[in-house]
Amino acid sequence: MHQPAATTATSPPIQDAAPIIQVQDLEKWYGKFHVLKGCSLSVNRGEVVVIMGPSGSGKSTFIRTFNALETYQKGRIEIDGIHLTPKMKNVDAIRREVGMVFQQFNLFPHLSVVDNVMLAPMDVRGWKKEKAKAIAAELLERVGILDQAQKYPGQLSWGQQQRVAIARALAMQPKIMLFDEPTSALDPEMVREVLDAIRSLAESGMTMVCVTHEVGFAREVADRIVFMADGLIVETATPEEFFTNPKSDRTQQFLAQILH
Amino acid sequence: MQDFTLTQILTNLLIATKWTIALSAIAFVGGGLVGFLLMLMRISPNPVLKGLSLLYIEFFEATPLIMQLFLMFFGISVVFGLNLSTWTAASIALTTYTSAYLADIWRGSVEAVPRGQWEASRALGLGYFKQLRKVILPQAVRLSIPSTVGFAVQVIKGTSLASVIGFIELTRSASSISNVTFQPFLVYSLAAVIYFCLCFPLSLWSRRLEKQFSFGG
Ligand SMILES: Nc1ncnc2c1ncn2[C@@H]1O[C@H](COP(=O)(O)OP(=O)(O)O)[C@@H](O)[C@H]1O
Ligand SMILES: [Mg+2]
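For the record, the sequence lines run as chains A and B. FYI, numbering that gives the first Met the number 0 numbers position 128 of the first sequence as 127, with every residue one higher than the one before it. FYI, numbering that gives the first Met the number 0 numbers position 143 of the second sequence as 142, with every residue one higher than the one before it.
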């Protein structure tokens with residue numbers, strides 16, 4: 000099943016017309032447990048898709064298949080025209096296109112902030128140190144951490160660590176960014192600084208898929224909201240529709256819980 | 000029967016200590032190299048490599064070192080018709096023994112690095128060996144330092160067993176000296192003090208490292 004593209008009225012340039020993420024009827028099992036039961040999603044260039052849904056519904060598993068952190072058994076994934084087979088062909092090419100930010104930051108604790116950001120550009124892209132350093136400085140500036148560049152992750156607040164993680168992912172110059180509950184591990188006072196960084200990234204035109212429970216953020220930044228429950232995509236809607244006029248009972252229940 | 004002075008006894012013991020230290024060093028360096036390869040096999044996704052390494056580790060951990068020394072010294076000559084010198088036999092036996100334990104200690108340290116580190120580095124596109132070299136091993140090394148140093152103490156004490164195949168190190172030398180001096184208590188006490196002087200600083204150091212690294216510092 001194909002999801003309709005978000006905006007059809009304004010016509011994008013012709014070469015950008017094809018969705019950058021195309022996932023069709025994706026199915027995955029953990030042993031006997033059917034975790035994804037046929038999920039389809041296409042995301043256009045520059046589009047921001049927010050995935051919501053109760054815990055355990057398969058949101059993380061779903062987006063982790065997009066950069067091959069998880070395998071899948073059935074269906075089809077195509078990222079920027081590259082077919083990601085269930086046998087994990089083309090994995091390297093895909094990972095270069097897709098950046099990911101995790102709930103737990105996962106910064107490298109033995110490397111300074113700037114080295115965290117420079118590692119992949121130098122080791123994967125093969126950039127010279129000077130070039131990597133320049134890009135790292137630019138990105139750290141962008142997320143507001145340049146003055147902490149020489150510190151180690153353990154010396155930073157969690158909100159700062161998550162912003163470094165965003166800079167680290169961006170340093171690979173990905174075409175797509177995946178966020179898996181980027182603010183769920185943060186204290187409330189730090190949520191905002193991280194969401195602001197993500198929002199400005201969205202405004203710069205980055206294609207993003209973001210799992211989050213932040214309603215305000217979703218309303219404001221998302222082009223589309225995808226609601227998942229029990230391994231299925233139950234509903235896809237604009238934020239406006241989703242929050243004011245949800246179609247399925249399952250969505251209504253969920254919203255009643257998180258909005259109370 | 001001549002009388003032996005304390006100095007003579009001590010001098011002889013210290014000469015033998017040289018061989019204890021040499022054997023320990025060989026075992027540790029050789030065992031470290033082999034152990035590192037075994038650890039890589041043990042954590043590899045390849046079931047054959049993993050299985051072989053597991054078998055090796057289990058064998059050397061589950062049999063007494065003294066048995067391994069006998070097997071190496073007598074077994075090789077029976078099975079292969081090769082006569083190993085006590086030096087060679089003791090070096091090989093202690094190296095294999097050390098490699099098994101170090102492989103296990105280091106595997107534990109690699110596994111103690113949080114899964115998220117693998118995931119984040121994989122998501123950034125690092126290949127398996129780059130992940131290991133740049134992200135996982137630097138963290139695992141820090142985690143493993145206290146137990147690695149702690150195990151060095153076991154190796155030094157373990158070399159005393161090489162005396163059973165006639166390798167002349169501190170223990171063997173102590174036993175021969177006490178046979179001619181008829182002063183076993185004195186001689187073995189001195190030998191014990193020497194072992195203590197070798198091992199205690201390592202133990203202390205290992206305990207200090209453990210404290211230092213236990214808070215993720
Ligand atoms: N490695 C795994 N092995 C087995 N089951 C898993 C594994 N990872 C996740 N699951 C299960 O799959 C389901 C979906 O997990 P997840 O994708 O993390 O959900 P969500 O992100 O929506 O909370 C959960 O029931 C979880 O317990
Ligand atoms: Mg999740």
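Glycine included, C-beta positions come from ideal geometry on N, C-alpha and C. This one's a predicted model, so the numbers in the text were calculated from it and none came from an experiment.
What are the start and end residues of the alpha helix (DSSP H) that includes residue i?
i: B:Ala89; result: Thr85 to Ala111
i: A:Phe61; result: Lys58 to Phe65
i: B:Ala247; result: Summary: the structure shown does not reach residue 247 of chain B, with chain B confined to residues 0 through 216, and so no result is reported for it.
i: A:Ala133; result: Lys128 to Arg141
i: A:Gln147; result: Counting along the chain, A:Gln147 falls outside any alpha helix (DSSP H), and DSSP gives it neither H nor E.
i: A:Glu240; result: Pro238 to Thr243
i: A:Glu96; result: Val90 to Glu96
i: A:Val113; result: Val112 to Asp122
For ligand 2, is there any heavy atom lying closer than 8 Å to the beta carbon of residue i?
i: A:Val42; result: no
i: A:Val49; result: no
i: A:Lys58; result: yes
i: A:Val100; result: no
i: A:Val210; result: yes
Is any non-hydrogen atom of ligand 1 found closer than 8 Å to the C-beta of residue i, if you look at the structure I gave you?
i: A:Ser54; result: yes
i: A:Asp179; result: yes
i: A:Gly30; result: yes
i: A:Val22; result: no
i: A:Met121; result: no
i: A:Val233; result: no
i: A:Phe261; result: With chain A running from 0 to 259 in the structure shown, residue 261 of chain A is simply not present.
i: B:Met38; result: no
i: A:Met227; result: yes
Taking 7 Å as the limit between beta carbons, can you name the residues of its chain near residue i, skipping five residues before and five after?
i: A:Val34; result: Lys27, Trp28, Gly57, Thr60 and Gly230
i: A:Ser70; result: Looking at the sequence shown, residue 70 of chain A is not Ser but Thr. Closer than 7 Å at the Cβ level, and outside the excluded window around A:Thr70, lie Pro85 and Met87.
i: B:Leu9; result: Leu189
i: B:Arg106; result: Met38, Arg41 and Ile42
i: A:Ile81; result: Asn89, Ala92 and Ile93
i: A:Gly143; result: Arg162
i: B:Pro145; result: Ser205, Leu208, Glu209 and Phe212
Apart from the five residues on each side of it in sequence, which residues of its chain come closer than 6 Å, Cβ to Cβ, to residue i?
i: B:Met0; result: Here the model assigns B:Met0 a pLDDT of 45, short of 50, so the residue's position is not dependable, and the following value carries that caveat. No residues qualify anywhere along the chain.
i: B:Gly34; result: Ser98, Leu101 and Ala102
i: A:Arg167; result: Asn115 and Val116
i: B:Thr94; result: Ala26, Gly29 and Gly30
i: B:Ile155; result: Ser23, Leu197 and Cys198
i: B:Ile56; result: Ala99, Ala102 and Asp103
i: B:Phe166; result: Thr85 and Ala89
i: A:Thr6; result: In this prediction, A:Thr6 scores a pLDDT of 43, lower than 50, which makes its location untrustworthy; the coordinate-derived value is nonetheless stated afterwards. No residues qualify anywhere along the chain.
i: A:Ala4; result: Confidence at A:Ala4 is low in this model, with a pLDDT of 45, below 50, so its placement is unreliable and no value can be given for it.
i: B:Leu83; result: Ile75
i: B:Ser108; result: Ala139, Leu142 and Ser143
Within a Cβ cutoff of 8 Å, which residues of the same chain sit near residue i, ignoring the five residues on either side of it in sequence?
i: A:Lys86; result: none
i: A:Phe104; result: Pro152, Trp157, Gln160, Gln161, Val163, Ala164 and Ala184
i: B:Val163; result: Ile65, Leu68 and Phe69
i: B:Leu53; result: Arg41
i: A:Arg198; result: Phe216, Glu219 and Val220
i: A:Thr9; result: Low confidence applies here, because A:Thr9 scores a pLDDT of 46, under 50, leaving its location unreliable and the question unanswered by this model.
i: A:Pro108; result: Tyr151, Pro152 and Gly153
Which stretch, first to last residue, makes up the beta strand (DSSP E) that contains residue i?
i: A:Met51; result: Val47 to Met51
i: B:Lys17; result: Element bounds for B:Lys17: not the beta strand (DSSP E) but the alpha helix (DSSP H), Leu5 to Ile42.
i: B:Ile167; result: Here B:Ile167 belongs to no beta strand (DSSP E), and DSSP marks it neither H nor E.
i: A:Ile175; result: Ile175 to Asp179
i: A:Arg75; result: Lys73 to Ile78
i: B:Lys49; result: No beta strand (DSSP E) contains B:Lys49, which is instead part of the alpha helix (DSSP H) from Pro46 to Ala61.
i: A:Ile81; result: Ile81 to Leu83
i: B:Ser120; result: Looking at the DSSP string, B:Ser120 is not in any beta strand (DSSP E); the run it does join, the alpha helix (DSSP H), is Arg114 to Ala122.
Return the Cβ separation of residue i and residue j in integer angstroms, given the expectation that the two are a contact with Cβ distance under 8 Å.
i: A:Val49; j: A:Thr211; result: 6 Å
i: A:Phe253; j: A:Gly52; result: 7 Å
i: A:Ala19; j: A:Leu40; result: In the sequence as presented, Ala is not what sits at residue 19 of chain A; that position holds Ile. The Cβ separation is near 11 Å, so there is no contact.
i: A:Phe242; j: A:Glu234; result: Wrong, their Cβ atoms sit about 12 Å apart, outside the cutoff.
i: A:Ala148; j: A:Leu139; result: 6 Å
i: A:Thr206; j: A:Gly45; result: 6 Å
i: A:Leu200; j: A:Thr182; result: Between A:Thr182 and A:Leu200 the Cβ distance is about 14 Å, and since that is not below 8 Å, they are no contact.
Does the beta carbon of residue i fall short of 8 Å from some heavy atom of ligand 4?
i: A:Val34; result: Ligands displayed in this structure: ligand 1 and ligand 2; ligand 4 is not among them.
So within the region 169-200 of chain B, which uninterrupted alpha helix (DSSP H) runs reach at least 4 residues, ignoring any that extend past its ends? 169-180
Which runs of the beta strand (DSSP E) spanning at least 3 residues fall entirely within the region 188-226 of chain A, listed in chain order? 206-210
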